[in-house]
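Here is the structure we will look at, set down as structure tokens.
In our numbering, the protein residues as written are 56 to 215.
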């Protein structure tokens, strides 16, 4: 399996995923801004937070592409549909565990179910499947992650 193809697919897939999520935000389909959520872990400066968040999101996109290619290599097969399946699993894991449970635990500016009134958070907790950011948020996020995975699958398959 070709690691460079996976990284190229991860880059293209992350551009598509990030663009889709940004468009959905602008079209009022979701209030999710993943780069902003990531960046505000490190700073409360909103502009700097977005810049840091985009960098982190792109690095994460490349790291996940390497995980995808490792699984492709382990099973000896890569395709768009298998990548799409990995993307679906990745999106579900992100929406149910990473952003819903883990991010509020480590994020210094995000509320949790345990945040009290005297200690007001600057960011709302995403909630299960990130539904606190809009009813269509899980759908948009899952579609974007499926596309991300499919792109990586195509890049790796074509490089074989």
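Note that the Cβ used here is the ideal one computed from N, Cα and C, for glycine as well.
Residue i, buried or exposed, once every other Cβ within 10 Å from all chains shown has been counted against 16
i: residue 90; result: buried
i: residue 78; result: exposed
i: residue 127; result: buried
i: residue 184; result: buried
Run of the alpha helix (DSSP H) containing residue i, from where it starts to where it stops
i: residue 212; result: 192-214
i: residue 134; result: Counting along the chain, residue 134 falls outside any alpha helix (DSSP H), and DSSP gives it neither H nor E.
i: residue 77; result: 58-81
i: residue 183; result: Looking at the DSSP string, residue 183 is not in any alpha helix (DSSP H), and its letter there is neither H nor E.
i: residue 156; result: Element bounds for residue 156: n/a, residue is neither H nor E.
Inter-residue spacing [alpha-carbon to alpha-carbon] between residue i and residue j
i: residue 70; j: residue 117; result: 11 Å
i: residue 150; j: residue 140; result: 15 Å
i: residue 102; j: residue 95; result: 10 Å
i: residue 99; j: residue 197; result: 28 Å
Beta-carbon separation (whole angstroms), residue i vs residue j, contact threshold 8 Å
i: residue 207; j: residue 75; result: Not confirmed; about 15 Å, so no contact.
Test: residue i CB closer than 8 Å to a CB of chain C
i: residue 133; result: In the structure shown, chain C cannot be found, because there is only a single protein chain.
Exercise for the section: Assess, as a yes-or-no matter, whether the stretch 80-97 is touched by the stretch 118-132 under the definition of 3 or more beta carbon pairs within less than 8 Å. Expected result: no
Problem - Any 3 or more C-beta pairs closer than 8 Å across the stretch 117-126 and the stretch 97-108 - result: no
Practice task
Report yes or no: do the stretch 144-161 and the stretch 191-206 share at least 3 C-beta pairs separated by less than 8 Å?
Solution key: yes
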